[in-house]
Amino acid sequence: MAPDSLLEMDGVYASYGSGHVLWDVSLDVDDGEVVGLLGRNGAGKTTTLRTISGVIKPTEGAVRFGGEDITAVPDYEISQRGISYVPEGRDVFPDLTVHENLRMGGVTGSEGIMTIEEILEWMPRLEERKSLKASKLSGGEQQMLAIGRALMSKTELLLLDEPTEGLAPQIVEDVIETIETIKGRDIPILLVEQNLNTVLEVADRVYILDQGRVVYDGSIDELRADEDVQLEYLGVGTDRSQQLD
Amino acid sequence: MIASQSLPLLAFISVEQAAFLLLNGLALGVLYVLIAAGFAVIFGITDVLNFAHGAFYMVGAYLTLAVVDATGSFFVALIVGPIAVAGIGVVAERLTLSNIYDRSPLYHVLITFGVLLIVTELVEIVWGTGTQFFQTPELLAGAVQVGPIAYPKYRLFTILAGAVIALGTWLLIRYSRFGLILRAGAQDQATARLMGVNIKKYYTLTFALGTFLAAIAGGLASPFLSVNPEMGNGALIIAFVVVAIGGLGSFAGAVVAGLLVGFTQAAVDTFVPALSGFVFYILLLAALLIKPEGILGDYEIRKHAAKLSYDERIPPVPLTDRRVLALLGALLLLPVVGLNTVMSSYGVGLVALMFIWGILALSLDTVTGYTGLISFGHAAFYGVGSYVVALTTLNVTNSFLLSMGAAILVAASIAWLVGAISARLSGLYFAIITFAIGQLLYQMSVSWSGLTGGSNGLSIDRVELLGFVDVSDTVTFYYLALAMLVASYYVAKRIMDSPFGLQLQAIRESERRTTFLGYNTNMAKRRIFAVSGALGGVAGGLFVTLQTFTSPETLFWVVSGDALFAMVLGGVGTLYGPIIGGAVLIGLDQILTIYFDHWRMLLGLILIVIVLFAPRGLVSFYAIGAELLRGERGPFGSAEPEPVEERGD
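Each protein sequence line maps, in turn, to chains P and A. Note that my numbering has the first sequence beginning at 259, numbered continuously upward. Note that my numbering has the second sequence beginning at 233, numbered continuously upward.
Next comes the structure, spelled out in structure tokens:
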């Protein structure tokens with residue numbers, strides 16, 4: 259493993275209670291790249307992100323960020339160090355306004371990569387709704403808000419958990435565009451998806467998890483070419499429009 | 233038309249009276265808002281019902297007074313005193329609540345009750361139990377002309393200061409960065425942590441803010457209320473009532489409700505003084521019945537739905553268990569062998585009292601430990617039982633069977649009614665409404681002195697069983713109480729082993745899912761509440777028979793707190809644990825009180841330690857000890873320590 263990787267997971271085991279969810283997972287994300295993390299339901303994708311962000315502590319193995327061991331660092335401090343995590347299901351604060359949600363992103367005072375004004379300019383639909391409670395937004399708008407909120411805080415690595423889940427195809431396109439914009443700003447992203455298309459569109463490299471283990475590791479072109487892997491671990495063939503599961 | 237219609241009503245009071253009424257209502261209302269504000273803030277952010285709120289209010293009064301004595305300046309004291317109290321609040325929170333936010337509210341209630349006991353006793357140690365005199369600061373002494381009337385300056389100052397403090401708190405929560413974090417954390421603390429916020433630190437700061445507000449209310453109130461260790465009780469009740477009427481978790485609701493209660497109280501004091509003590513409870517019951525979520529409440533029981541759940545089931549011990557039989561044998565022999573050798577008649581009476589508290593804690597366990605309804609009003613059934621036996625004995629018959637039958641019937645009926653009123657309320661609302669009903673009955677027992685003897689209570693003479701056995705004889709009573717304890721346990725265990733008992737436990741784990749299975753959970757809750765009330769009535773009826781005396785003390789909310797303590801001390805959700813807990817608690821009470829004036833401080837300490845380190849109580853000691861002795865591995869999952877897992881959400 260390259261010693262200068264931004265993020266390294268090194269032989270990580272994690273569990274909920276007595277059942278192991280991650281088995282010897284090693285992966286890395288380098289500066290400026292978008293890495294996709296694919297796999298079926300229950301493969302351990304979300305758990306991987308939760309382990310990186312410190313919500314779950316590994317039972318074995320180590321997580322390093324910027325060369326420092328963050329395995330035992332509490333979740334809020336990992337966020338302060340620059341890992342921004344947009345959880346599955348968005349998790350916006352429902353009773354706070356859009357504007358307050360964004361403020362909450364930058365609340366620790368660490369330098370975010372964008373200001374509220376920049377985000378609202380970038381996401382005009384949020385600008386229109388900035389005084390509304392976040393619970394009044396549509397799913398796509400909430401996703402945008404969650405991403406914007408993450409960018410309000412110091413972000414040296416962005417973790418996105420199924421950002422297109424449950425969104426209409428048109429909105430999915432908007433989200434992908436947003437991810438590409440962030441990528442254009444050289445912010446590395448670890449993107450968890452069940453939707454192979456999204457990953458093929460934006461990622462540089464990809465890992466596939468199956469039953470808590472890394473079973474595939476390659477460039478996006480290699481994966482695109484390898485239909486056997488697609489079929490075996492993702493359950494899809496050449497028909498790329500097919501949604502997994 | 234409207235004006236002419238309302239004129240006759242106004243004709244009853246003069247303009248001056250109306251002005252007084254208005255200002256008095258405002259002064260009281262603002263004071264209530266202040267008292268409730270800190271309680272509302274802590275609850276709104278952390279979902280904790282802080283039973284120590286009144287104690288911090290009281291300490292606020294004492295420390296403000298102390299700083300006045302030291303510096304001579306009331307205004308300095310009004311800032312310095314509450315800041316010192318906030319410091320105490322921080323220490324208390326770090327040592328207690330901060331470790332158990334993720335637990336059932338039952339434990340929050342108990343641990344803050346423990347803090348209350350310690351703080352109250354500390355105040356009594358430092359300042360004694362007497363009432364302290366707090367002189368109105370010179371600048372604010374006397375009256376000032378307000379329109380048609382002269383009104384005390386200090387009250388006007390209170391109105392002004394209270395309004396400023398309430399507004400300041402509201403602005404802080406609504407507009408500051410600190411307030412933003414608090415509100416976000418209240419909605420979703422896991423996500424707030426992902427924003428880089430150390431949410432525990434903010435919970436501590438919330439507690440500091442809440443205790444600061446309590447203390448400043450105490451400081452402001454003390455020049456026109458008396459400063460004594462009891463003053464916190466009243467404040468706690470005000471906080472409860474105001475916050476419940478306003479809507480749990482709503483600060484603005486607390487402000488509206490505080491003013492509403494204040495004006496109502498002022499009006500009732502003027503026009504219907506007989507009802508003066510009942511205003512809180514009547515308003516609260518009305519609010520909970522008409523609009524249970526409160527005036528401005530949009531609060532959904534968020535994080536834990538007040539759920540009580542156990543990792544490990546500790547089944548009740550059958551009566552035929554050899555150890556139980558041996559214990560029963562020993563208890564049967566105790567008066568025969570022990571009387572006049574190792575123990576006096578007092579000792580036999582004490583053991584009988586332990587049986588009574590065993591029954592009371594057992595009765596609570598059926599609703600709280602098994603059904604998951606946190607009742608903070610079991611004093612109601614205990615007290616009602618004692619009063620019904622006393623009144624029946626005094627006025628109708630001295631037959632124990634008849635008076636006890638009446639007590640069971642009345643207590644069960646009241647409990648059924650309480651269950652019916654509060655069936656649709658879940659979680660913490662249930663704790664609040666049972667608390668309020670208990671206090672309502674307490675207030676009745678104090679006020680309706682024609683019937684109840686007021687605060688002097690009632691004394692009874694000779695009670696007979698079947699007309700010839702004198703139950704007032706201690707040894708006879710001992711066997712009677714033991715028999716009723718065994719019978720109560722038998723009934724409770726039979727219920728919990730039955731399909732109905734399983735249904736109750738299903739309600740505890742998830743009421744929604746139990747409903748999906750086709751059960752009428754509200755009916756089940758009403759029924760078990762009636763059974764529990766009946767058992768509580770038995771305990772109270774026995775109590776008055778033993779003591780030949782009852783007083784409003786039996787209805788006071790501290791009895792409810794002690795009953796909860798006894799239940800958890802012994803082992804919540806095990807039926808036999810609470811009996812042990814009740815016996816141990818009352819034994820400690822009666823013995824330690826001889827040697828140590830402030831033993832309730834020790835009690836508070838024990839309570840906190842139990843909640844923190846042995847939430848399943850003394851019976852879990854036994855289970856742990858037995859496992860160690862046998863060298864066996866424990867039941868699945870407990871022998872081998874679980875890997876530490878962060879609580880996600």
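Every residue, glycine too, gets a C-beta built ideally from N, C-alpha and C. This one's a predicted model, so the numbers in the text were calculated from it and none came from an experiment.
- If the five residues before and after residue 279/P are omitted, its C-beta is found closer than 7 angstroms to the C-beta atoms of 272, 273, 302, 305 and 470, all from its own chain and listed in chain order.
- Taking a C-beta distance under 9 angstroms as the contact criterion, residue 347/A and residue 283/A qualify as a contact pair.
- Annotated three-state conformation of residue 337/A is helix, per DSSP.
- At a cut-off of 9 angstroms between C-beta atoms, residue 427/A counts as an interface residue with respect to chain P.
- Residue 633/A and residue 770/A have their C-alpha atoms some 11 angstroms from each other.
- Around the C-beta of residue 722/A, fewer than 16 other C-beta atoms lie within 10 Å, and the residue is accordingly described as exposed.
- For residue 462/P, there is no enclosing alpha helix (DSSP H), since its DSSP letter is neither H nor E.
- Annotated as proximal: residue 415/P and residue 342/P, with beta-carbon spacing under 9 angstroms.
- Residue environment: residue 584/A is assigned as buried (16 or more neighbouring CB atoms within 10 Å of its CB, all protein chains considered).
- For residue 282/P, no Cβ of chain A is located within less than 9 angstroms of the residue's own Cβ.
- Residue 266/P: not part of any alpha helix (DSSP H); member of the beta strand (DSSP E) spanning 265-274, first to last residue.
- Look at residue 830/A here: in three-state DSSP terms it is coil, with no helix or strand label.
- Annotation for residue 455/A: no alpha helix (DSSP H) segment contains it, and DSSP assigns it neither H nor E.
- Rounded to the nearest whole angstrom, the CA to CA distance from residue 367/A to residue 307/A is 13 angstroms.
- With its beta carbon less than 9 angstroms from one in chain A, residue 363/P belongs to the interface.
- By DSSP's assignment, residue 320/P forms a beta bridge with 268/P.
- For residue 495/A, the CB contacts under 7 angstroms within the same chain, skipping 5 residues up- and downstream, are 257 and 261 in chain order.
- With a threshold of 9 angstroms between beta carbons, residue 501/A makes no contact with chain P.
- With contacts defined by Cβ atoms closer than 9 angstroms, residue 664/A and residue 814/A do not form a contacting pair.
- Burial check for residue 827/A: the Cβ neighbour count within 10 Å stays below 16, so the residue is exposed.
- Per DSSP, residue 333/P is one residue of the alpha helix (DSSP H) stretching across 333-339.
- Residue 617/A is not a Cβ neighbour of residue 652/A, given a cutoff of 9 angstroms.
- If you check the CB distance, residue 407/P and residue 362/P come in under 9 angstroms.
- Against chain P, a Cβ distance below 7 angstroms from residue 420/A picks out 349 and 351.
- At a C-beta separation below 7 angstroms, residue 411/P has these neighbours in chain A: 427 and 428.
- With a threshold of 16 other beta carbon atoms within 10 Å, residue 300/A meets it and is buried.
- Any Cβ of chain P closer than 9 angstroms to the Cβ of residue 335/A would place that residue at the interface, and such an atom is absent.
- In summary, the residues of the stretch 326-337 of chain P whose CB is separated from some CB of chain A by less than 9 angstroms are 332, 333, 334, 335, 336 and 337, in the order they occur in the chain.
- Only residues of its own chain outside the window of five on either side were considered, and among them 635 have a CB closer than 8 angstroms to the CB of residue 629/A, listed in chain order.
- Rounded to whole angstroms, residue 270/A and residue 666/A show a C-alpha spacing of 22 angstroms.
- Taking a cut-off of 8 angstroms on C-beta distances, the stretch 689-707 of chain A does not touch the stretch 720-735 of chain A, as fewer than three cross pairs fall below it.
- Check the Cα spacing between residue 391/A and each of 370/A, 449/A and 374/A: the tightest is with 449/A.
- Scanning its chain for C-beta atoms nearer than 8 angstroms, with the 5 sequence neighbours on each side dropped, one finds around residue 832/A the residues 349, 352 and 353, in chain order.
- The beta-carbon of residue 446/P is placed no less than 9 angstroms from the nearest beta-carbon of chain A.
- By the criterion of at least three beta-carbon pairs nearer than 8 angstroms, the stretch 323-335 of chain A is in contact with the stretch 423-440 of chain A.
- According to the DSSP assignment, residue 383/A belongs to the beta strand (DSSP E) that extends over 381-384.
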